[in-house]
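The next block holds one structure in the form of structure tokens; read it before the comments.
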Amino acid sequence: MDISGKLAANGNEIRSEKFELLFEVKEAPKERTILSEGEVDLEIVYEEGQWAAELLTHAVEEGDDHGDEDGDDHGDEDGDDHGDEDGDDHGAFEWAGVFSVSDSTHTWSMQQVGGKYADPTMRLVLIPTDAPTAETMESLEEKAEGLITGDAYQVIEVGEVMKPAAGGTCFELHVGAGADSTFTIDTSGITGLAIYAQHVPTEFERDRHYLYDSKGTDIEPIAQEGGGGHHHHHHGDMVMYTPSDVLLLVESKAAKLIPSDPAFGFLGQAGDVFYELPQHEEEGLLFLGIATDELEEGIFEGDQVQMNLKSVDGPGHVYLYATDTFGSPVVMFNSADGISEADKFVTKAGAHAHQSMAFSEPGTYRVGFDLSGKLAANGEETRSDKFELLFEVEEADHEDDSHGQDDLAIGAYSIGATPFSLTFETKAGLTYEIEASHDLKKWEEIGEVKGNGGSVDFIDQREALFNNQYYRLKIKE
Numbered sequence: 000m001d002i003s004g005k006l007a008a009n010g011n012e013i014r015s016e017k018f019e020l021l022f023e024v025k026e027a028p029k030e031r032t033i034l035s036e037g038e039v040d041l042e043i044v045y046e047e048g049q050w051a052a053e054l055l056t057h058a059v060e061e062g063d064d065h066g067d068e069d070g071d072d073h074g075d076e077d078g079d080d081h082g083d084e085d086g087d088d089h090g091a092f093e094w095a096g097v098f099s100v101s102d103s104t105h106t107w108s109m110q111q112v113g114g115k116y117a118d119p120t121m122r123l124v125l126i127p128t129d130a131p132t133a134e135t136m137e138s139l140e141e142k143a144e145g146l147i148t149g150d151a152y153q154v155i156e157v158g159e160v161m162k163p164a165a166g167g168t169c170f171e172l173h174v175g176a177g178a179d180s181t182f183t184i185d186t187s188g189i190t191g192l193a194i195y196a197q198h199v200p201t202e203f204e205r206d207r208h209y210l211y212d213s214k215g216t217d218i219e220p221i222a223q224e225g226g227g228g229h230h231h232h233h234h235g236d237m238v239m240y241t242p243s244d245v246l247l248l249v250e251s252k253a254a255k256l257i258p259s260d261p262a263f264g265f266l267g268q269a270g271d272v273f274y275e276l277p278q279h280e281e282e283g284l285l286f287l288g289i290a291t292d293e294l295e296e297g298i299f300e301g302d303q304v305q306m307n308l309k310s311v312d313g314p315g316h317v318y319l320y321a322t323d324t325f326g327s328p329v330v331m332f333n334s335a336d337g338i339s340e341a342d343k344f345v346t347k348a349g350a351h352a353h354q355s356m357a358f359s360e361p362g363t364y365r366v367g368f369d370l371s372g373k374l375a376a377n378g379e380e381t382r383s384d385k386f387e388l389l390f391e392v393e394e395a396d397h398e399d400d401s402h403g404q405d406d407l408a409i410g411a412y413s414i415g416a417t418p419f420s421l422t423f424e425t426k427a428g429l430t431y432e433i434e435a436s437h438d439l440k441k442w443e444e445i446g447e448v449k450g451n452g453g454s455v456d457f458i459d460q461r462e463a464l465f466n467n468q469y470y471r472l473k474i475k476e
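Quick note: the sequence shown uses numbering that gives the first Met the number 0, first residue 0, plus one each step.
As structure tokens, this is what we get:
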């Protein structure tokens with residue numbers, strides 16, 4: 000455009016040179032569903048020669064309902080039936096997992112969630128194996144079903160020991176009156192266990208993994224799957240989203256300090272803040288899983304497929320890793336050292352696993368990946384287009400300086416392990432939460448103290464279960 004006008008003095012028109020205005024019309028931001036807590040699985044799908052990625056959420060109804068309106072029914076009107084009208088048929092297993100074990104004893108844990116157990120009893124079949132693989136787990140399913148539905152089983156009360164026979168044994172676990180029930184498994188001379196459970200063990204997880212060794216190290220399955228035709232490992236409705244329709248919100252409570260263990264040096268400098276969606280479920284955070292429940296066996300060589308990191312667009316680095324039976328991290332993705340073919344997560348058809356997903360800085364991340372596998376029919380590799388996951392990582396809140404660092408310092412502690420006492424200074428009117436952890440990852444609130452303006456003592460009466468125990472203080476908002 001130009002600008003013109005006629006001069007009043009002589010009537011002559013004058014005209015400017017041409018001017019331009021530049022407009023950029025941006026597309027309206029796409030509305031996305033925000034997921035910020037609970038279990039979300041990235042489901043890998045391959046059907047009719049086409050790859051797909053889906054996000055599945057597990058919408059368990061309030062009260063952890065498994066059948067009736069009261070949330071405590073497992074089949075009949077009395078809430079104690081697991082199959083037939085008399086309430087004494089225990090049906091097939093809901094879950095199976097295979098584990099490598101290297102300790103003489105292990106502990107099976109069942110916890111109250113929301114103030115109650117998912118079920119006061121659970122049958123568990125333990126079958127020792129020298130080949131703890133997915134193939135072994137599947138080959139033993141028929142034997143496990145016969146054991147779990149049969150009349151020959153051992154009742155195990157809280158604190159008692161399970162000693163599986165070479166050919167497998169069915170145990171019926173009875174929880175205690177407390178919020179936590181543990182059962183010892185004698186694994187001396189055993190290098191692998193195939194375990195088949197009447198219920199999904201994560202239904203009994205509050206803040207403690209369902210299986211750990213004598214050192215308190217969580218033992219993760221080499222492979223796991225639903226039983227009796229159940230592809231999904233949680234009760235409740237399944238909601239499916241395409242990745243492009245979802246924003247995965249990593250709340251500020253995901254902030255943690257990088258451990259001093261050199262094995263975690265890939266995350267950065269010890270003591271620096273990073274943001275982790277943990278391998279084990281924590282209340283108020285997303286619990287991400289990667290699953291191939293719907294992937295048909297026999298399509299790919301060795302039933303193996305992989306998820307390959309292709310791009311990271313964000314303010315920092317992205318990591319995907321899992322801790323092994325010794326607590327050491329096994330790294331799958333690490334964008335800090337560049338993205339290459341080494342950044343991959345390998346899995347098998349019918350599997351489901353959880354890992355830690357971490358971010359070095361707060362902000363918005365677009366994480367690109369593709370899916371690949373070699374076809375069993377001809378050995379050729381098939382690869383998907385790139386998919387993207389969108390994460391928003393909230394920045395950690397800084398403590399109010401008015402509280403002062405000294406207010407959160409533990410001034411003294413006892414030498415004895417049980418009971419263990421802490422002494423710290425308080426301010427009147429504030430409430431202090433005491434949290435404990437055995438691995439600096441999973442923290443559990445064990446009590447709170449009202450500030451009185453002076454020194455207070457807190458006594459941890461719990462039995463010492465781990466070689467190491469860590470404590471920290473928080474000011475309750």
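Yeah, the Cβ is synthetic: ideal placement off N, Cα and C, and Gly gets one too.
Inclusion of M331 and K343 in the CB contact set at 8 Å is warranted, their separation being smaller than that value. In the three-state reduction of the DSSP assignment, K142 falls in the helix class. Counted as a single uninterrupted DSSP element, the beta strand (DSSP E) harbouring E444 occupies residues 443 to 449. Annotation: H198 is outside any beta strand (DSSP E) and is labelled neither H nor E by DSSP.
The Cβ atoms of G452 and A435 lie no closer than 8 Å to each other. Taking E171 as reference, the option from D206, T135, Q197, K385 with the minimal CA-CA separation is Q197.
It is roughly 42 Å from the alpha-carbon of I474 to the alpha-carbon of A341. Secondary structure of E30 (DSSP, three-state): coil. As the crow flies, the alpha-carbon of M356 is around 25 Å from that of V100.
Residues T181, R207, Y209 of the same chain have their beta carbon placed closer than 6 Å to that of S108, with the five preceding and five following residues left out of the count. As the crow flies, the alpha-carbon of F273 is around 6 Å from that of A254. With contacts defined by Cβ atoms closer than 8 Å, K25 and E281 do not form a contacting pair.
When the alpha-carbon of L370 is set against those of Y364, E380, P361, A376, the nearest one is in E380. Scanning its chain for C-beta atoms nearer than 7 Å, with the 5 sequence neighbours on each side dropped, one finds around L319 the residues M331, F332, F344, Q354, M356, in chain order. Distance between L247 and L388, taken at the CA atoms: about 8 Å. When secondary structure is reduced to three states using DSSP, P127 falls in the strand class. P277 is positioned such that its CB atom lies no closer than 8 Å to that of I189. In terms of CA proximity to A130, A222 leads the group M306, A222, S334. Excluding the 5 residues flanking it on each side, E144 has same chain C-beta neighbours closer than 6 Å at A91, in chain order.
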